[in-house]
Structures are given as structure tokens and as C-alpha cells.
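Q:
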Amino acid sequence: MTVLLIALGAAVGAPLRYLTDRAVQSRHRSAFPWGTLLVNVVGSLLLGALAGWPASAAVSALLGTGFCGALTTYSTFSYETLRLTRGGHRLLALANVLGSVAAGLAAATAGYALAGALTG
Amino acid sequence: MSEPFEPRTDPDVDLGVPADRRELTARPATILATISAGGVLGALARAGLQHAVPHAPTGFPWATFTVNTSGCLLIGVLMAVLGHLGGGHPLARPFLGVGVLGGFTTFSTYAVDVQQAIVAGVPGTALAYLAATLLGALVAVGLGDAVTAGLLRRAAR
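Line by line, the protein sequences are chains L and W. For the first sequence, the working numbering assigns the number 15 to the initial residue and increments by one for each residue that follows. For the second sequence, the working numbering assigns the number 1101 to the initial residue and increments by one for each residue that follows.
1) In this structure, does DSSP put L/R100 in helix, strand or coil?
2) Can you tell me which of W/L1227, W/L1201, W/T1206, W/F1204 puts its alpha carbon nearest to the alpha carbon of W/G1159?
3) Measure the C-alpha to C-alpha separation of W/T1095 and W/V1200 and round it to an integer number of angstroms.
4) Can you have a look at L/S70 and say buried or exposed, based on whether 16 or more other CB atoms are within 10 angstroms of its CB?
5) Report yes if the C-beta distance between L/L61 and W/V1212 is below 7 Å; otherwise report no.
6) Leaving out the 5 sequence neighbours to the left and right, which residues in its chain are closer than 6 Å to L/T99 when beta-carbon positions are compared?
7) Taking 7 Å as the threshold (beta carbon to beta carbon), is L/T123 in contact with chain W?
8) Work out the CA separation of L/Q39 and W/V1239 for me, nearest whole Å.
9) Could you tell me whether any Cβ in chain L is nearer than 7 Å to the Cβ of W/H1155?
10) Interface residues of chain L around W/P1111 at Cβ under 8 Å?
11) Is there a Cβ from chain L that is less than 7 Å from the Cβ of W/F1195?
12) Keeping to the same chain, check which residues put their C-beta closer than 7 Å to that of W/E1123; ignore five residues upstream and five downstream.
13) Which bits of chain W does L/R36 rub up against, with CB to CB less than 8 Å?
14) Output the distance between the C-alpha atoms of W/A1147 and W/R1193, rounded to the nearest integer angstrom.
15) Verify the CB distance criterion: does W/G1244 have a CB-CB separation below 7 Å to chain L?
16) Check whether the Cβ atoms of W/F1207 and W/G1138 lie closer than 7 Å to each other.
17) Among the residues of its own chain, which have a CB less than 7 Å from the CB of W/A1255, if the five just before and after it don't count?
18) In chain W, what lies closer than 8 Å to L/G83 by C-beta?
19) Would you please state the rounded distance, in angstroms, between the beta carbons of W/L1230 and W/V1214? I believe it to be under 8 Å.
20) Indicate whether W/G1202 and L/T50 have their beta-carbon atoms separated by less than 7 Å.
21) Does any C-beta atom of chain L lie closer than 7 Å to the C-beta of W/L1173?
22) My understanding is that L/G130 touches L/G78, with C-beta atoms under 8 Å, so please give their C-beta distance in whole angstroms.
23) For L/L19, which residues in the same chain have their Cβ closer than 7 Å to its Cβ, ignoring the five residues on either side in sequence?
24) For W/A1136, would you say it is in contact with chain L, using Cβ-to-Cβ distances shorter than 7 Å as the test?
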């Protein structure tokens, strides 16, 4: 059951990252990877909320391990940082690293605190 | 055949690359189903490792650290190979890059693991995990890309 729920969450999360990335890229021309930053921050917010909320094992597998895990990505984040550096965009690469980590951590903290406040 | 690859920044989809711009409109169902299938495989592999090597909130999340650093090494290798092949099979990047490696690696678990370690009162572990994953991932992707591209160039000569 857990395996099926993880698979279902991932089956939705992975294409959603791709579609979000496309939608974000079609709206700007910057070399900065806004699409990946967006999915990583939204996923961290949701997973933080799941950690702060008494979520059942089933919800955790579906939304946490499956959906958030597939929606967010470390491989694309690191490859984009590498490409920005190689392309001479060193400042953008640094901003991507510091911005992603800071925003992801802030989102996880906010989600956790929000879930805690709502559930008392 | 060692044509220089298109200067893509984003391995998921890069609208600066003509083939990426066309792929979704040409066959949307195939592309999205391929990404889904890859994402499921990657996520299950990650979940399996996290299940096999669990960590306490105060411990170092070795499973997620291993998943993220090895996934970054593999995307470096994959993108170098696809670059060498001039893009490779049209479904190779969506399946392996967006799907499998995107589903395998995770940023949300990384962020929440760091946050939970802080909540658990072990800021030292949180900081060590934060920095080790970040440095490990960046070194891994650079090595995967450079070593693979170097070997392929040498083999092509």
C-alpha cells in the first residue's frame, strides 16, 4: 500500500515539476533557474507542513515521499548551478545556491510552524 | 560525433533549446507519461534506501545524503553522455533526467531534515548535513560531467 501511494504521488509530482518549469521559463528570459527554485520552495513548504502536522503514514507516503520528493529536485538544482558557473554567470550560480538553501529552509520552517499553529 | 551540446542550463526543460520547446506540443501524453514513469522509479528507489537506512531526528540523514549526492553525480554523467550524442533519444532526457533522477533526488526532504535537526536541538548536525550535501552535490555534478565528457572526447579521437 505504501509503495503504491509513493508511486502515485511521484507520478503526479515529477510531471508537475516539468510543467511548472516550462510555465515559469515561458514568462521570463533570465538565465536564473526560477522554475526549479519555485518547485523546491513550494515542496519544502508542503513537506515542512506535513512534518508539523500529525499526518498519517499513508498521507506521508503519498504527499511527502511521493509527491514532494518527485516535485523537488537536487540533481537539477546542482546541474543548473554547474551550468551557470560554466557559462560565466558566477554571481547567478552563487545566488542560486544561497537563495535555494535559504528559501528552502525558510519554507520548511514556515510550513512546520504553520501546521503546528493550525493543529494547536 | 562530438558536436558541442546546445548550451542548456536546465536539464528538465530548457526553452532556449529548440527540441525542448517542441517536445510537449508534439506529443504531450508520451512526454508526461514518460516523466511520470521515471519519477515513480526514482522515488521508489529513494524511498527504499530511506527505509533501509532510517535516521533519528538527531542523527545524520545518510540515506538522503547518499541519494542526493549520487543523483547529482549521475545527472552530470547523463548530461555529458546526451551532449556527446547530440541529445540522444528524444525520450532519454525526459525519462532519465526529469523522471528518474528528479524523482530520486529531493530538495524538500533535505530542507526539512535540516529544519528537523534544528528543532531536535542538534544545530551542529544540521549545519554539517546542510554543508556536506551542498558541497558533495556540487562536486559530484562537476566530476560526473567533466570526467564523462573527458572520457567520451578521448574515445572519439
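No residue lacks a Cβ here, since even glycine has one placed at the ideal position from N, Cα and C.
A: A quick look at the data gives this:
1) The three-state secondary structure of L/R100, taken from DSSP, is helix.
2) Ranking the options by Cα distance to W/G1159, first place goes to W/L1227.
3) This structure cannot speak to residue 1095 of chain W, because chain W is shown only from 1101 to 1257.
4) Exposed, because fewer than 16 other Cβ atoms sit within 10 Å of the Cβ of L/S70.
5) Closer than 7 Å, so yes.
6) Cβ within range, chain order: A107.
7) True, the Cβ-Cβ gap to chain W drops below 7 Å.
8) W/V1239 and L/Q39 have their C-alpha atoms spaced approximately 27 Å apart.
9) No, its Cβ sits nowhere closer than 7 Å to a Cβ of chain L.
10) Listed along chain L, the residues sitting closer than 8 Å to W/P1111 by beta-carbon distance are S89, T90, Y93, E94.
11) It does not: the Cβ of W/F1195 has no partner Cβ on chain L nearer than 7 Å.
12) Within the same chain, and ignoring the five residues on either side of W/E1123 in sequence, the residues whose Cβ sits closer than 7 Å to its Cβ are I1131, P1190.
13) The contacting residues are V1113, L1115, L1124.
14) The alpha-carbon atoms of W/A1147 and W/R1193 are separated by roughly 22 Å.
15) Chain L contact via Cβ: absent.
16) For W/F1207 and W/G1138, no; Cβs fall outside 7 Å.
17) Contacts found: none.
18) Chain order gives the chain W residues near L/G83 as A1143, R1146, A1147, G1203, T1206, S1208, T1209, where near means a beta carbon separation below 8 Å.
19) Yes, they are in contact, since the Cβ atoms of W/L1230 and W/V1214 sit about 5 Å apart, within 8 Å.
20) A distance of 7 Å or more separates the beta carbons of W/G1202 and L/T50.
21) At a cut-off of 7 Å between C-beta atoms, W/L1173 does not count as an interface residue with respect to chain L.
22) Contact doesn't hold; Cβ gap of about 16 Å is too wide.
23) Contacts found: A72, A75, L76, G80.
24) Contrary to the premise, residue 1136 of chain W reads as Ser rather than Ala in this sequence. Chain L has a Cβ within less than 7 Å of the Cβ of W/S1136.
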